[in-house]
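Beneath this line is the structure, given in structure tokens, with notes to follow.
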Amino acid sequence: MTLLASRDEADQAAPPARGRPDGPRWVRPSLAALLLATAVLYLWNLGESGWANAFYSAAAQAGSLSWKALFFGSSDAANAITVDKTPAALWVMSLSARLFGVNAWSILVPQALMGIGSVALLFAAVRRTSGPAAGLLAGAVLALTPAAALMFRFNNPDALLVLLLVAGAYCVVRALENASPRWLALAGVAVGFGFLAKMLQAFLVLPAFALAYLIAAPASPGKRLLHLLGALGATIVSAGWYLAVVALWPAADRPYIGGSQENSLWELVFGYNGFGRITGDEVGSVGGSPGGGWGGTGWARLFGSEMAGGIAWLLPAAVLALAAGLWFTRRAPRTDRGRAALIVWGGWFLVTAVVFSYMGGIIHAYYMIALGPAIAGLVGIAGTQLWRARGNPAAAGTLSAGIGLTALTAYLLLSRQSDWLPALGIAILVAGLLCAFLVFFAARLPDVARRLAAVGALVTVLAGTGAYTVATAATPHSGALPSASPAIGRGMGPGGGGIVIGGQGGPGGGLLGTSLPGDELVALLRKDSEKYTWAAATVGSNNAAGYQLGGGSPVMAVGGFNGTDPAPTLEQFQEYVRNGRIHYFLGEGMMMRGETGSDAAERIAEWVAQTYAPTTVDGVTVYDLSR
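Listed below in structure tokens is the structure:
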């Protein structure tokens, strides 16, 4: 018998099963309270973020008007070019916009519901191996992760990715119970559709899922390998069908694949959004540091000023939880499900953390949401199991160390931002050290004192991450680079590129920001728009998104997101103009270009400026291409 009890040995921890009672009476109301609180956190005042990431909001608008735009994830309803991602997340947003109209709520609410679903699935997965208390703790930790609150209130693809990966982990846990190839195949399907949300990032969990099944499934080695091959096939089919359809679809009858240089989804998957993110060799990429790259790499990156606010609060505790859990279960039987769960969540955590720490390509602070479920699972499992084993000095000491380490982490993170709740860090540190001391001697305390120590430790552990999460949820976020923080432009990471009203300060929002047109420009874009395929064209997807959302008609994003895609070429653009398909050209060209990628957008902007007379409307340079 191991020091950390498995689910079957924990007090009243067994999940509901056929012919068995549904666990302790407090489980259902506690879960209901957790999900209700999560719903309030993720849904309250959601519309304050407006279009959030207008790049995706414009694509959702396009999908609400055109089924082809919905299927391909086009930036505009006339299908000039797609966003630079596979479009599964856009499918959800576009369908919501079709049902409820194009507005901030119809686009953002699906992500909030995905967040609630992720918390519920995480509870269910952890409960099956470690009991309801562990499941509730894991769910609470995920709900109170700042990066999770940021992304589940935003419209990037990360929300759907996390939901599908947690669903995959739940299926793996179910498969481990009786070596079920059906549940393992469903895990593969979930990860495969996660690929359609954010491509290769979804596959970071596969090593952990496969290792857990290979080690712990109650079947012969041959059957375990056969089941894993079947699950791999399910993953390939559920991810690959879309790639095959796009590859076989005639290129002349579909939009250009944004983010690629050869109009190829395969190039996008394995290049710009694939291995290029690891090596930093991303053709057409712009931004990052002046010398190239996206910040220093190494194990300390996740604790740096950009990433820490979103995820670092319980990260050291998760490392300790994984190490302690594997040590205490080292003599457990091969099929021990408690240890298998540690492999699932620990492997997810380690692989993702290493990739994020050392990748040399594009990386943003909000990516940290992908670590949230793994950290939450580890903390939930190890925290409750160590508490059950508190009579053993090793377990009590480990749990005490975790509480003290978490309090110290919160203090250090909060001290970086001395003007936001300056007393909170000190309070957490003092309370955390006191609770750590009491927990170490919890087995010797009277019942009332022991319970107070447990409640105090729980509150202390969640206080820092919880306060920062609530502050993040209370702050509107917009633009391409949101970060968990109490206010835009403040916090431990940079605020996102925001929305500029009326196009002040230049031809548009620029590479990462979005410009919403003023009333005069909106009226201009809407005038005779039905006579044209595109009401306007402009360089860069974020510029185009603002004008399209404001005017309601398709706006061509020349050059795609970065303005570095060869779509359209100068010759194609000139043909569109000759055929009367584009009414206006807005702006004077992209304000930022990389050293790689196509210069077609720059050439188009130069040709327009040399050929047509400019006017200024609401601070935006306008060229009437119909003259």
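Counting the sequence shown from 1 gives a position; the working numbering is that position plus 29.
Virtual Cβ for every residue (Gly too), placed ideally from N, Cα, C.
Small disclaimer: the values here were computed from a predicted structure and weren't measured.
Three-state secondary structure assigned by DSSP to residue i
| i | result |
| --- | --- |
| Pro643 | strand |
| Met388 | coil |
| His612 | strand |
| Ile457 | helix |
| Ile286 | coil |
| Ala586 | strand |
| Ser314 | coil |
| Ser507 | coil |
| Thr543 | strand |
| Thr115 | coil |
| Ser123 | helix |
| Ser147 | helix |
| Ser95 | coil |
| Gln533 | Residue placement at Gln533 is poorly supported in this model, since its pLDDT is 34, which falls under 50; the coordinates still yield a value, given next. Residue state, collapsed to three classes: coil. |
| Ser447 | coil |
| Ser59 | helix |
| Ser103 | strand |
Assigned exposure category for residue i - 16 Cβ within 10 Å defines buried
| i | result |
| --- | --- |
| Ser249 | exposed |
| Asn608 | exposed |
| Gly420 | exposed |
| Glu311 | buried |
| Glu604 | exposed |
| Ala276 | exposed |
| Ser627 | buried |
| Thr308 | exposed |
| Ile455 | exposed |
| Lys114 | buried |
| Tyr663 | Outside the modelled stretch of the chain, which goes from 30 to 656, sits residue 663, for which no answer is possible. |
| Phe590 | buried |
| Trp80 | buried |
| Gly495 | buried |
| Val656 | Looking at the sequence itself, residue 656 is Arg, so the reference to Val does not match. The residue in question, Arg656, is exposed, as its Cβ has fewer than 16 Cβ neighbours within 10 Å. |
| Asn207 | exposed |
| Leu578 | buried |
| Gly325 | exposed |
| Leu371 | buried |
| Glu617 | buried |
Rounded separation between residue i and residue j - CA only
| i | j | result |
| --- | --- | --- |
| Val69 | Ala245 | 38 Å |
| Ser123 | Arg182 | 17 Å |
| Asn82 | Leu240 | 37 Å |
| Asn571 | Pro511 | 14 Å |
| Thr625 | Arg306 | 15 Å |
| Arg473 | Ala424 | 14 Å |
| Asn74 | Tyr285 | 37 Å |
| Val3 | Phe84 | As displayed, the chain neither begins before 30 nor continues past 656, which places residue 3 out of reach and without an answer. |
| Ala361 | Gly588 | 57 Å |
| Trp212 | Leu194 | 14 Å |
| Ala219 | Ala231 | 9 Å |
| Ala237 | Trp416 | 26 Å |
| Pro58 | Leu65 | 10 Å |
| Gln601 | Ala638 | 17 Å |
| Ser78 | Leu615 | 25 Å |
| Phe470 | Ala188 | 41 Å |
| Thr543 | Tyr652 | 20 Å |
| Ser514 | Ile136 | 22 Å |
| Trp342 | Val477 | 29 Å |
| Ala214 | Gly221 | 10 Å |
| Ala629 | Trp636 | 10 Å |
| Lys227 | Leu190 | 7 Å |
Endpoints, alpha helix (DSSP H) assigned at residue i
| i | result |
| --- | --- |
| Trp212 | Pro210 to Lys227 |
| Met488 | The sequence given here has Val at residue 488, not Met. Run containing Val488: Asp476 to Ala502, per the alpha helix (DSSP H) assignment. |
| Trp563 | Not the alpha helix (DSSP H): Trp563 falls in the beta strand (DSSP E), residues Trp563 to Val568. |
| Thr264 | Pro250 to Leu277 |
| Gly168 | Pro161 to Ala172 |
| Tyr242 | Leu235 to Ala245 |
| Glu206 | Asp187 to Asn207 |
| Glu549 | Asp548 to Arg555 |
Residue range of the beta strand (DSSP E) that includes residue i
| i | result |
| --- | --- |
| Val649 | Val649 to Asp653 |
Residue i at chain C interface by Cβ criterion, 8 Å
| i | result |
| --- | --- |
| Asn302 | Annotation note: the requested chain C is absent from the structure, which comprises a single protein chain. |
Three CB pairs or more closer than 8 Å across the region 544-560 and the region 645-654: yes
Do the region 431-440 and the region 454-471 make contact, defined as three or more Cβ pairs closer than 8 Å? yes
Measuring CB atoms only, is the region 436-451 touching the region 389-401, in the sense that at least three cross pairs come out at less than 8 Å? At 8 Å Cβ cutoff, the stretches do not touch.
Just checking, does the region 155-165 make contact with the region 96-113 on the three C-beta pairs under 8 Å criterion? no
Does the region 89-97 come close enough to the region 118-137 that 3 or more CB-CB pairs lie under 8 Å? yes
Does the region 330-344 come into contact with the region 163-179, if we say contact requires no fewer than three beta-carbon pairs (one atom in each stretch) closer than 8 Å? Cβ pair count under 8 Å is three or more, so yes.
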